[in-house]
Every structure is written in structure tokens, then in C-alpha cells.
Amino acid sequence: MKKINLLEDSIGSLAVRYMIPSVLGMLGLSMCIFFDTMFIGRGIGNLGLAALNVGIPMYSIFNSIGLIFGVGGATALSISIGKGRLDSANSIFTFSVISSFISGAILSVFGIIFLEQLSLFLGASQETLPLVKEYLAAILSFGIAFIVIQTLSVFVRNDNNPKLVMWAVICTNLTNIILDYVLIFPLNKGMRGAALATSIAQLVGVSILLLHFILKKNSIHLHILQYKKSLRYSKRIILNGIPSLVNEMSAGVVIFIFNIVLVKIGGVEAVSAYSIISNVALIFTAIFNGISQGIQPIISMNYGAKKIDRVISAFKLARKISFVSGVVFFIVGVSNPEFIARIFSSNIEGILDITCSGIRIYFLSFIVMGVNIVSIGFMQSIERSKVSTIISLVRGFILISIVIVIMSYIMGLTGAWLTVPIVESITLIYTIIIIKRDKSIYLQK
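If you use the working numbering, the sequence shown closes out at 1038, no skipped numbers anywhere.
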């Protein structure tokens, strides 16, 4: 098989070879949550859906930490390889993997110790608290696996093995589907069963990714780090990874804020309806993130080698693909929202109208969301972390908090559903202005 050459192969062929496995890779955890939602909705009911939606931001925390070391480290790694600095690349890889492992262990320990406080902080009500604690206790026990799988996926992809990442995701999801069914229905393990299914599936994924190193397919290696080098690399990696952290955390923050607002204006029914919408949104967002991360190795390595024309071509292609994908997602949602709603629950009648109304409005956001995510990823891929962090903060935290309060006060549930389309539209305008203003500085040949 012809070896992939990120500096010479056509951008179109590289995009196909990297984006498809990358999209599947990013879909991994989202699809696990999707199947949890489907099985919980049918096996436990609407209260289970509401509890799951309270717990979902925990996945954003796992992803954020995994990606800050994965994307942050892999961006620095690819640029270093593009410049011919292989020793630096190995040091970056080593620091990132060790950091993700330690972070997972710390998060698991403290999360379990303060389980009830964490559940209440995430928005559990007296009704949902027992189910939320049951779910979180199980996934926190596997915190290392959730974080390490994200970090390893990005590095294995950057090390010219995107197909292995794809197979790891496929096996992870097959494991999750089988265990979800077995643990929720025949074994009647409820929320704990759903959480265990997702957690064990992550271990399967990590095991498959490790084959890249066991079978010696790797060109990057773990090695002993010097203290001064570790400090230098830690700053670079974390700065590169902060936009990914903010971007990923924003998904959890959006769900968190929506849960608080919706329970006040629409009760548990509105939160259950949003559970369905947010799960579909997580899948579509994962696809956009997959497009962004799929193009990252191409952009980073060519940027390191000063092949700016190829950098620009890759960015433009990713933008076009994300826009077309967003239009398709919008059409799918608007054309048959009832079908989407019924996938998740057999007892949907009480929340069907709310869910369908929300889908029709909320799905407007996907038309431009992908372009925003790819633009943020582009800035991150060329180590313009300050700009990408600002855009991520504006999009994921500042605007969402302001707009949902104003819109829900003025228009109730309809205003809440309009929040994300408004935020994404404002972000698009802001991003276009920033990129046009600064491109002469960071895209010099």
C-alpha cells in the first residue's frame, strides 16, 4: 500500500483518507451516548432520559481533557515533524499521553468522592438524583479510559494510521450496542447498566488503538522526558489544546444551561424533549469536529513545512464540506422531526409536540455551525491558539449565556430553541471578520 505523504499527495485524496476515519472517530462517544439514550428511553422511560441528560456534560469534561492533550499535542507534533524535528515530536507525544492518564485518574477519584455534590451541580433534581448518581458513578470509574481514548485517537491519526482509529470506533460502538441491550433488558441493570456498557466499550477502543504501537506501525515513540523540556512542551500543548477544551466543554455548558432554563419554563417534559434534541446535536457536532480534526494533520504539517497554498486549499475544502453537511442535517430534521423523536422513546406522546417544535427551530443552527467549528479548528491547527480560544469562548460560553436568558424571557420555549441558531450566526460573522483581518499575518509564505 502506498504510504501517505501529507506534504505531496493531493489535498482532495488526503481529505478523504483522513476525514472519514476522523468523523467516525469523533462519532464514537456521541454514538455511544446515542445508543444509551435510545435504550434508556425504551427501557427506563422519560425520567431516565432526563437523568441521562443531566449526566451527559460529564462526557464533555472527559472529551475536553482528552482533546486538550490530543489535539493540542498532535498539532505541535505535526508542525514539528513538518519542520523535521522528530525528537521534539516524541517528547510532545510522551508528555501528552502521560498527562491524559494522570488527569483521568484524578478526575475519577475526586468525582466519586464528591458524587452527590457533582450530580446536584450538573442539575439533578430530587426526582432524577438517584438515577444521575447511579449513572455517573459507573462512568467515573472508567475516567482514564474515556480520556486516553480521545488522546490516543488523535495521535494515531496523526501518525498516518487513520484507518485503525476508524476500526477502534466501530468496535467500540458494536460493544456498546450489545452491552446496552444485554445490561438494560435481560439483566435489568438500568442506568448503571447503560453507563457500564459505554465504559467497557471505551476499554475495547483503547485496546485496539494500542495495536498501532504493539504491531510497530508507529513512527512516534514514548521516551524519558527531561524536566525543563516537559515544562516547555506543556505550555505549548495546553495553549494549542485550550480551543478544543473550550469547544468541547461548550457542548456540556450548552446542555447544562438549557437544562436549568428548560426545567423552569417547561418542567421535566421540556428537559426530556431537549435530551432527544441534544443527543442528535451531539452526533452532528461530532461530525463537524471530525471534519475539523481530519483536516488538522494536513494543515499542521504543511504549515510547518511552509506550504501555505496547501494549507489554504485544505481549509477551504473543509469549510465547503461542513457547510453542505449542515444544510443536509437541517433538511433531515425539518422534513421528519417526528421520526427522529420516536427513535428515542416508545412513550413519546407526552413530549412529542415539544420535541418536534424544538427540532424544527434548533436544527437551523447546523447550517453554519460546521463552518464555525472548522474555522476554529483551522486557527488551532496553525497554532493561533489565542484567536481560536477567543472565538470558542464567545461562541460556547458568553453568547449562549446571554442569548438564552433574553430569548427564553421574551419567547418562552420557542426563544430557548432559537438560542443556538442565533449564537452560531453571530459567531460566523465574528469569525469571518477575524480571519480576514489577520490572514496576512499568519499565512505568510
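All C-beta atoms in this analysis are idealised placements derived from N, C-alpha and C, irrespective of residue type, glycine included.
Note that the structure is a prediction, hence the values are computed from the model and not measured.
For this session: Just tell me which of S712, P755, I1003 has its CA closest to the CA of L599.
Result: Comparing Cα-Cα distances from L599 to each of S712, P755, I1003, the minimum goes to P755.
For this session: Could you please give the first and the last residue of the uninterrupted alpha helix (DSSP H) stretch that includes K782?
Result: Neither: K782 is in no alpha helix (DSSP H) and is coded neither H nor E.
For this session: Less than 8 Å between the CB atoms is what I'm expecting for T744 and G798, so what's the real figure, rounded?
Result: Contact flag wrong, Cβ pair sits at about 12 Å.
Problem set entry | the region 767-785 / the region 633-644 touching (three or more Cβ pairs under 8 Å) | Contact between the region 767-785 and the region 633-644 is present, because at least three Cβ pairs lie under 8 Å.
Problem set entry | Cβ-based neighbour list, R1030, same chain, cut-off 8 Å, excluding 5 preceding and 5 following | If we look at R1030 and ignore the five residues flanking it on each side, it has no Cβ neighbours.
Exercise. Which same chain residues, not among the five before or five after S906, have their C-beta less than 7 Å away from its C-beta?
Worked result: Same-chain partners within the cutoff: I604.
Exercise. First and last residue of the alpha helix (DSSP H) that includes E862?
Worked result: Its alpha helix (DSSP H) spans residues 860-897.
Exercise. F923 lies in the alpha helix (DSSP H); which residues open and close that run?
Worked result: Segment 901-928, the alpha helix (DSSP H) holding F923.
Exercise. From L815 to N683, what distance separates their C-alpha atoms?
Worked result: One Cα belongs to L815, the other to N683, and the distance between them is close to 6 Å.
Problem set entry | V747 in three-state terms, based on DSSP | Taken through DSSP and simplified to helix, strand or coil, V747 comes out as helix.
Problem set entry | Exposure label - Y1002; buried when at least 16 CB within 10 Å | Classification of Y1002: exposed, given that the 10 Å Cβ count is below 16.
For this session: State the Cα-Cα distance for the pair I771 and I695, rounded to the nearest angstrom.
Result: Distance between the alpha carbons of I771 and I695: 30 Å.
Exercise. Can you list, in chain order, the residues of its chain whose CB lies under 7 Å from that of I853, leaving out five sequence neighbours each side?
Worked result: Here the set comprises G716.
Exercise. Helix, strand or coil for A717 per DSSP?
Worked result: In the structure shown, the three-state DSSP call for A717 is coil.
Exercise. How many Å lie between I892 and G963 at the Cα?
Worked result: Going from the Cα of I892 to the Cα of G963 covers about 17 Å.
Exercise. Can you find at least 3 beta carbon pairs, one from the region 922-935 and one from the region 972-990, that sit closer than 8 Å?
Worked result: The region 922-935 makes no contact with the region 972-990; the number of CB pairs closer than 8 Å stays below 3.
For this session: Please find out if some non-hydrogen atom of the ligand GTP comes closer than 7 Å to the beta-carbon of L802.
Result: In the structure on display, the ligand GTP does not appear, and there are no ligands present to speak of.
Problem set entry | Unbroken alpha helix (DSSP H) run spanning L660, endpoints | Taken as a continuous stretch (DSSP letters only), the alpha helix (DSSP H) holding L660 covers 650-675.
For this session: Reducing DSSP to helix, strand and coil, say where D1031 ends up.
Result: Correct three-state label for D1031: helix.
Problem set entry | Local conformation of K726 per DSSP, three classes | DSSP places K726 in helix when its eight states are reduced to three.
Exercise. Is there contact between the region 617-633 and the region 671-690, where contact requires at least three CB pairs shorter than 8 Å?
Worked result: Not touching, per the Cβ criterion.
Exercise. Alpha carbon to alpha carbon, how far is D773 from R953?
Worked result: If you draw a straight line from the Cα of D773 to the Cα of R953, it comes to about 29 Å.
Problem set entry | Minimum C-alpha distance to A879 - residue among V647, V967, K913 | The shortest Cα separation from A879 among V647, V967, K913 belongs to V967.
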